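Protein chains in written order, with this note's numbering: chain A, 1355 to 1863; chain B, 4 to 476. Note that CB positions come from ideal geometry on N, CA and C, so glycine has one too. Bear in mind that the values here come from a model prediction, so they are computed numbers and not experimental data. Report on the following structure.
What follows is the structure, encoded as structure tokens:
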């Protein structure tokens, strides 16, 4: 086989970039950024190419690569993408490419920052393209761990000090500081990985085929009792990463404290990694377990939607607002998947993409605002639209997508999810879902008005609009958000090829 | 001496010669600087290490008291490896190179000899004698700094708990002898497979002795105090080598040749593993002294190894052996970094690690590697070790134990990451590099290389472990 291993190139290019940065670019900040931009750019170009070259008629897993690692145990390096994972790879590429530009101004220990960021991205790509559950687990760990140092060293601590009983908690644990957030995030996600590990082992041993390959496990029929508890294990394990209530509390803390590019990547892509895991491994390998426990997944999704939105309304710290909105939107993702209908599942996958881009844009903007104003406190800011019109426009577009205005990607995703809920066995899910959208409009518009369109704040002078490389991130993300909102078929045609066969295994053709 | 025994005992003879040489040279030594004596001991252990790579396994004669099978060779290489690193690190330490250097090394080598014989013993009496030969020098070494009250207290505690558990073990073994009618372990195994309740009772009582040596909960009380008070290079060695010996002895007595009856030990080992993992990890949380932290985390690691024992299968046994190899490098490395810092800063508190990444980036990186390995993070040795014992346990159907173990690794990561945070996130209190003696640096480097190589390419050691564990069952 002489075909180019495209998926491996996409996955490992950032890692090579990380190594190059560590070993060749010491004390040369420009070279560091250049290497990061080139390697992630390469991944982006290749993912767009894969997106164009994917055969939509044939569907299934394409660009297949396999290399036996430990043959007696059935571990192999097996890669492939279908419509769903392809969209996620595309999302990752867009976000990291934009993220490299969004963190152009990181000054402290920038060499290590970029190296860790790129290593992390390799882990994320790896999870999306792996077809071997064992290798998937390794990539998952790689995607989680650099986060500790990234947040702990380069993160920011909110200036809003807790009061009342929370002040006590702050003194005791340091809740809200970046060190606290980094530790909490890492521990939560590794706690989840414990469940994933047990689930993977259970599948491996009960299939009895001595293989971790997704394709082999798909062919095996697991007994209903095994399906139930293993699905639950995967739901908890991957669900923690997707921010399911009540295990979501790492996410607001983590995202609010992380440096810009890491927030973008984490809220934009890593949370999707959890949802993707539930859909791919949970729904894909354990159809009976999924059908049996869909009520649980959907109900908790509803709680997420409403609880996340209400929490976002109460925040006074700009980054926390965006972080809680992620919790709310991830609820919609899980809800869409739990409807077990074509529209709902398509909506769910589309929401992963749309929310990824949107929240990436949000965090890039918040990062810009923070960098220029050195504040995250909403009440002190105001009237920024006059001095930074570019940032204000992009923020408004992201807000409108967030509340699901037609012609933005958010609208398509939410509409499909609602249609799915309407057709599912649990019509009542529709009410919390729609209520969540309404609440989103309330908090998002309020924030946009206060910061950008209200009267100018007396606290800030000499603010500037985005400059140079910072524009790259904003333009790319805004353009993608509008493009996929106008022409949802770009993604949906692709997603459909993956979700229809998956659903037919759960509810029958 | 019959040629067979000569061949099987070649490593013991070699080590015995090194021991005698150090002893005699010590008699001739004059003056306070006896560093050369330490060098002789280190070189001798290195030479025996080379010899251990050359000796082939000797097929055991039926009913032999002393065997040199694959397991024994694997274990002896492991002991030698740990001892070499420990002695190397001790070369820069006043206690091990001063006026009492001879005593220190003779005692350490004698204990090593005990481990050697223990790994080969196929007879209850030989096993017990080897066990005592290994343990008694350890008590002395723990109190080597005899003018320090804490060291004396630690040694006394170690000695008291140790002799009580030895007594219980001897009592249990007397039951075993009474029920099996023989001290030969092969016959004991056959009697056990036939299902003799008295024998079961005896073996259970004897387990107390082993559990003390490997420091499983609730026989762990001596560990933190002893580790805190004794000299760090010795503790680094104490935390790995005798425990490895304890596990090998457990395999010999409880698994070798008993066949399916080994499954009887699953509940015992699984229960002990649960207790030890939970207790070790939780008690490590509040520790402010790095050595105490590593002591409690070490107890938790013993729990993870017991998970492999609980699998009661060739794979489980092999994976415990692999775990021990990974643990030797990870744990010794971590202790040695503590030693380097303690010498420079005069403090063993975790606060001494503040800002280390900005002062000595390489030393901090090494410590990070060790911590990640102990925490079980991919691409360093400890990850595969944990993964493989979990794998073996899952294959035996113990999913609940796997989940419990995996969830408690998260607790472990909390305290490991706190040290990482001090090194990488917090600002340094002082500036300037941490001075590092050459031999200590070399020992740390060896450990770091071991951790990384085993993390990236664990296959040869895993295969070797699987090969030596297979004949036991």
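- Under the 10 Å beta carbon count, residue 153/B is surrounded by fewer than 16 other beta carbons and is classified as exposed.
- Taking C-alpha positions only, residue 457/B is separated from residue 1767/A by approximately 46 angstroms.
- Residues 355 of the same chain have their beta carbon placed closer than 6 angstroms to that of residue 348/B, with the five preceding and five following residues left out of the count.
- As a beta-bridge residue in DSSP terms, residue 1484/A pairs with 1433/A.
- With contacts defined by Cβ atoms closer than 9 angstroms, residue 129/B and residue 48/B do not form a contacting pair.
- Judged by beta-carbon spacing, residue 1587/A lies beyond the 9 angstroms limit of residue 1545/A, meaning their Cβ atoms are not closer than that value.
- In the displayed model, residue 460/B falls within coil according to three-state DSSP, outside both helix and strand.
- What residue 1552/A touches in chain B, judged by beta-carbon distance under 7 angstroms, is 402, 405, 406 and 409, going in chain order.
- For a Cβ distance threshold of 7 angstroms, residue set 1506 and 1533 of chain A lies close to residue 424/B, ordered along the chain.
- For residue 1424/A, a Cβ of chain B is located within less than 9 angstroms of the residue's own Cβ.
- Residue pairing from DSSP places residue 1416/A in a beta bridge opposite 1435/A.
- Of the residues 1682/A, 1364/A, 1632/A and 1476/A, the one whose Cα lies closest to the Cα of residue 1757/A is 1682/A.
- Cα atoms of residue 1500/A and residue 1476/A: separation of roughly 11 angstroms, rounded to the nearest angstrom.
- With fewer than 16 other Cβ atoms inside 10 Å of its own Cβ, residue 1650/A counts as exposed.
- In the displayed model, residue 69/B falls within a strand according to three-state DSSP.
- The region 1696-1714 of chain A and the region 1764-1779 of chain A touch, with no fewer than 3 CB-CB distances between them shorter than 8 angstroms.
- In the three-state DSSP reduction, residue 124/B falls in the strand class (E or B).
- Residue burial annotation: residue 1779/A is exposed, with fewer than 16 other C-beta atoms found within 10 angstroms of its C-beta.
- In this structure the region 1589-1609 of chain A does not touch the region 1570-1578 of chain A; the number of beta carbon pairs closer than 8 angstroms is below three.
- Around the Cβ of residue 150/B, a 10 Å sphere holds fewer than 16 other Cβ atoms; the residue is exposed.
- Looking at the backbone, the Cα of residue 143/B and that of residue 216/B are separated by about 16 angstroms.
- Bounds of any alpha helix (DSSP H) do not take in residue 96/B, whose DSSP letter is neither H nor E.
- In the pairwise beta carbon analysis, the region 1360-1380 of chain A is classified as touching the region 1393-1403 of chain A: at least three pairs are separated by under 8 angstroms.
- Interface annotation, residue 427/B: in contact with chain A, CB-CB separation under 9 angstroms.
- A straight-line Cα-Cα distance of about 6 angstroms links residue 1430/A and residue 1486/A.
- Residue 1499/A sits in coil when the DSSP states are folded into three classes, being neither helix nor strand.
- Under the Cβ criterion (8 angstroms, minimum of three pairs), the region 309-319 of chain B does not count as touching the region 282-294 of chain B.
- For residue 211/B, same chain residues with a beta-carbon under 8 angstroms away, outside a window of 5 residues either side, are 168, 171, 172, 175 and 222 in chain order.
- Exclusion of the five residues before and after residue 1509/A leaves 1532, 1535, 1536, 1611, 1612, 1613 and 1616 as the residues of its chain whose Cβ lies within less than 8 angstroms of its Cβ.
- For residue 1421/A, DSSP records a beta bridge to 1431/A.
- Given a length threshold of 3 residues, the region 1697-1721 of chain A has no whole run of the beta strand (DSSP E) inside it.
- Taking a beta-carbon distance threshold of 9 angstroms, residue 1605/A does not count as an interface residue toward chain B.
- Counting along the chain, residue 1460/A sits inside no alpha helix (DSSP H), nor does DSSP assign it H or E at all.
- Put simply, the region 433-446 of chain B does not touch the region 305-312 of chain B. Fewer than three CB pairs are less than 8 angstroms apart.
- The beta-carbon of residue 1555/A is placed less than 9 angstroms from the nearest beta-carbon of chain B.
- DSSP lists 352/B as the beta-bridge partner residues of residue 292/B.
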